[in-house]
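Residue 0 is where the sequence shown starts when you use numbering that gives the first Met the number 0, and the numbers rise one by one after that. Heads up, the beta-carbon is just placed ideally off N, CA and C, and yes, glycines get one too. All values reported here derive from a predicted model rather than from experimental measurement. First the structure, in the form of structure tokens, and then the observations on it.
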Amino acid sequence: MNDQLHEIQQNTAYFELERWLDGGVFTWTWWFMLGMLVIPWCIFIKLVDRKRSHSIWFFGLMVLIISSFTDDLGAEIGIWIYPIKLVPYSLIAFPFDFSVIPVAQMLIFQYFTTWKTFSIALFLQALIFSYIGEPFSVWAGAVSYYGWTYSYSFLFYIFTGTLTRAFVNFWTPKQ
Numbered sequence: 000m001n002d003q004l005h006e007i008q009q010n011t012a013y014f015e016l017e018r019w020l021d022g023g024v025f026t027w028t029w030w031f032m033l034g035m036l037v038i039p040w041c042i043f044i045k046l047v048d049r050k051r052s053h054s055i056w057f058f059g060l061m062v063l064i065i066s067s068f069t070d071d072l073g074a075e076i077g078i079w080i081y082p083i084k085l086v087p088y089s090l091i092a093f094p095f096d097f098s099v100i101p102v103a104q105m106l107i108f109q110y111f112t113t114w115k116t117f118s119i120a121l122f123l124q125a126l127i128f129s130y131i132g133e134p135f136s137v138w139a140g141a142v143s144y145y146g147w148t149y150s151y152s153f154l155f156y157i158f159t160g161t162l163t164r165a166f167v168n169f170w171t172p173k174q
């Protein structure tokens, strides 16, 4: 059984590398994804409140962990795939899980300090990401959904931001 699994993994790795080299790397979608990995961090570095950086980074790390785990799970069970990947051999979408989502939510966490303003900003971010960003990503060929909807994503963004803010507020000292 282990030998069969190993052979399947090797064949999949070979297929992924061939597909990435033949039709993924250096396409305009690939460059778009590279930009989505780098640009948000450049903006964040300019805007981060260094006095609150520990709680902001803690918040971002929690969002990153939740996003990455959920993304990996969804790819593993087949409710989405990433036809074009930034790097081969990856189930998850690095630009979104490691940059766009955590940076956007960290900036919301930084600038909107009451639950009311945070919730409004998070709602707007979820709307934009779910109903503009994700349809664009589907159109660009960066992701394909199989049984997943933009409304599920909307709820995911709301849930992730709200849960993470409550968790961070509970565990970090008040400043």
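- With residue 155 as the anchor, note down where its alpha helix (DSSP H) starts and where it stops. The count along the sequence shown starts at 1 and reaches residue 155 at position 156. Where residue 155 is concerned, the enclosing alpha helix (DSSP H) stretches over 149-170.
- Message: With a threshold of 6 angstroms (Cβ to nearest heavy atom), would residue 80 be considered close to the ligand NAD?
- Response: The ligand NAD is absent from the structure shown, which contains no ligand whatsoever.
- Item | Counterpart residues of residue 110 in DSSP-defined beta bridges | Looking up residue 110 in the sequence shown gives position 111. According to DSSP, which records beta bridges pairwise, residue 110 is partnered with nothing at all.
- Message: Rounding to the nearest angstrom, what Cα-Cα distance links residue 148 and residue 156 in this structure?
- Response: Locating residue 148 in the sequence shown gives position 149, where the first residue counts as 1. Locating residue 156 in the sequence shown gives position 157, where the first residue counts as 1. Cα-Cα distance, rounded: 13 angstroms.
- Item | Beta bridge counterpart(s) of residue 144 as assigned by DSSP | Position 145 of the sequence shown, counted from the first residue, corresponds to residue 144. Residue 144 is bridged to 79.
- Item | Inter-residue Cα distance where the pair is residue 164 and residue 120 | Walking along the sequence shown from the start, residue 164 turns up at place 165. Walking along the sequence shown from the start, residue 120 turns up at place 121. Distance between the alpha carbons of residue 164 and residue 120 is about 13 angstroms.
- Three-state class that DSSP yields for residue 26 in the structure shown: In the sequence shown, the residue the question calls residue 26 occupies position 27. Coil.
- Query: Helix, strand or coil for residue 85 per DSSP?
  - Reply: Working through the sequence shown from its first residue, we reach residue 85 at position 86. If DSSP states are grouped into helix, strand and coil, residue 85 belongs with coil.
- Task: Name the two residues that bound the continuous alpha helix (DSSP H) containing residue 135.
- Result: Translated into positions along the sequence shown, residue 135 becomes position 136. Its alpha helix (DSSP H) spans residues 133-139.
- Through-space distance from residue 130 to residue 27, alpha-carbon basis: As a first step, residue 27 is located in the sequence shown; it is residue number 28 there, counting from the start. As a first step, residue 130 is located in the sequence shown; it is residue number 131 there, counting from the start. Approximately 22 angstroms between the Cα atoms of the pair.
- Query: With a CB to CB cut of under 7 angstroms and the five nearest residues on each side skipped, what residues in its chain are close to residue 12?
  - Reply: Position 13 of the sequence shown, counting from 1, holds the residue named residue 12. So the list reads 88, once near-sequence residues are dropped.
- Query: Exposed or buried, which one is residue 72 when buried takes at least 16 other CB atoms within 10 Å?
  - Reply: For the purposes of this step, residue 72 is taken as the residue at position 73 of the sequence shown. It counts as exposed.
- residue 91, DSSP secondary structure in three states: Numbered from its first residue, the sequence shown carries residue 91 at position 92. In the structure shown, residue 91 sits in coil (DSSP, three-state: anything other than H, G, I, E or B).
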